[in-house]
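Residue numbers (the numbering used here): 8 to 276.
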């Protein structure tokens with residue numbers, strides 16, 4: 008916190024705080040409204056706290072806020088499927104699903120990541136839809152898909168009656184097709200339109216949109232997750248800490264899929 012904190016009764020200059028920003032996070036200074044700030048517990052590592060703001064918050068809200076009946080919905084004793092669970096958000100979701108009492112958590116990934124998934128307590132499945140769908144078809148209470156390998160058809164087919172699918176992204180399309188004139192392949196836009204407007208028992212989730220609709224809910228969730236981190240109930244997979252001048256190279260490695268954990272910019276390093 009800078010000197011402007013003196014204008015607030017909640018914070019003082021020098022306090023450690025966290026906030027969700029859409030852009031400008033890789034910087035030494037950020038201008039953020041005080042109303043968005045959440046205090047970071049003193050014993051929490053600052054780099055691990057940074058992992059909570061977006062990655063773990065996305066995972067938590069997908070599991071607990073995205074579906075329309077989220078206030079009455081519980082994962083206790085449920086079967087959960089996460090596609091592409093070897094990535095940072097998938098790893099976070101596996102941890103949080105277990106904390107929520109899910110009886111089984113399945114995750115698709117390349118075979119070389121299956122050992123890591125088992126270590127997190129997940130049941131690993133092949134990455135290709137034709138290989139994993141027969142294992143779980145019609146048996147899942149909850150599915151989170153960030154890949155869109157087949158227009159969300161297989162994740163939807165994995166649902167049991169009354170189950171729910173949350174769509175988080177279309178990375179399989181973005182990684183294989185050229186960008187359209189508006190930044191995304193046309194097929195990606197069509198898939199998201201289908202998920203929003205045509206598919207039953209399906210919700211499209213975006214963290215920033217969720218924050219803009221209900222900022223106080225996000226802040227409460229962030230406070231809760233930071234408390235879990237302080238109590239060592241969750242553990243981010245921190246792949247490294249990079250200085251500002253290494254951010255472009257770090258972004259390149261992330262886009263190329265060379266990083267499995269999270270990289271955090273340490274601007275004063």
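Idealized CB from N, CA, C, for every residue including glycine. Because the structure is a prediction, the values reported are computed rather than measured.
Can you check whether the CB of residue j is closer than 7 Å to the CB of residue i?
i: residue 56; j: residue 25; result: yes
i: residue 109; j: residue 140; result: no
i: residue 269; j: residue 95; result: yes
i: residue 165; j: residue 147; result: yes
i: residue 27; j: residue 159; result: no
i: residue 136; j: residue 157; result: yes
i: residue 249; j: residue 211; result: no
i: residue 245; j: residue 54; result: yes
i: residue 145; j: residue 167; result: yes
i: residue 155; j: residue 198; result: yes
Given this structure, state the Cα-to-Cα distance separating residue i from residue j, to the nearest angstrom.
i: residue 32; j: residue 125; result: 33 Å
i: residue 40; j: residue 215; result: 16 Å
i: residue 93; j: residue 266; result: 10 Å
i: residue 213; j: residue 169; result: 23 Å
i: residue 150; j: residue 19; result: 42 Å
i: residue 264; j: residue 16; result: 44 Å
i: residue 58; j: residue 142; result: 32 Å
i: residue 235; j: residue 115; result: 26 Å
i: residue 205; j: residue 231; result: 34 Å
i: residue 101; j: residue 113; result: 8 Å
i: residue 209; j: residue 237; result: 34 Å
i: residue 46; j: residue 64; result: 15 Å
i: residue 272; j: residue 44; result: 19 Å
i: residue 152; j: residue 97; result: 9 Å
i: residue 129; j: residue 118; result: 13 Å
i: residue 35; j: residue 85; result: 43 Å
i: residue 247; j: residue 254; result: 12 Å
i: residue 29; j: residue 61; result: 10 Å
i: residue 103; j: residue 220; result: 23 Å
i: residue 196; j: residue 203; result: 11 Å
i: residue 133; j: residue 226; result: 36 Å
i: residue 222; j: residue 70; result: 17 Å
i: residue 256; j: residue 87; result: 35 Å
i: residue 77; j: residue 42; result: 25 Å
i: residue 240; j: residue 122; result: 21 Å
i: residue 191; j: residue 38; result: 29 Å
i: residue 127; j: residue 243; result: 11 Å
Exposed or buried, which one is residue i when buried takes at least 16 other CB atoms within 10 Å?
i: residue 90; result: buried
i: residue 252; result: exposed
i: residue 49; result: exposed
i: residue 224; result: exposed
i: residue 259; result: exposed
i: residue 138; result: exposed
i: residue 79; result: exposed
i: residue 75; result: exposed
i: residue 262; result: exposed
i: residue 66; result: buried
i: residue 72; result: buried
i: residue 5; result: A query on residue 5 cannot be resolved here, the shown segment of the chain reaching from 8 to 276 and no further.
i: residue 161; result: buried
Per the DSSP calculation, residue i is bridged to which residue(s)?
i: residue 247; result: 270
i: residue 87; result: 112 and 149
i: residue 166; result: 147
i: residue 171; result: 149
i: residue 133; result: According to DSSP, which records beta bridges pairwise, residue 133 is partnered with nothing at all.
i: residue 193; result: Paired residues: none, contrary to the question.
i: residue 211; result: 174
Determine, using beta carbons only, whether residue i comes closer than 7 Å to chain D.
i: residue 88; result: Checking the listed chains, one finds no chain D in this structure; it contains a single protein chain.
Practice problem: Return the chain-ordered ranges of every alpha helix (DSSP H) run that is complete within the segment 16-74 and spans a minimum of 4 residues. | Solution: You should have 53-58 and 64-71.
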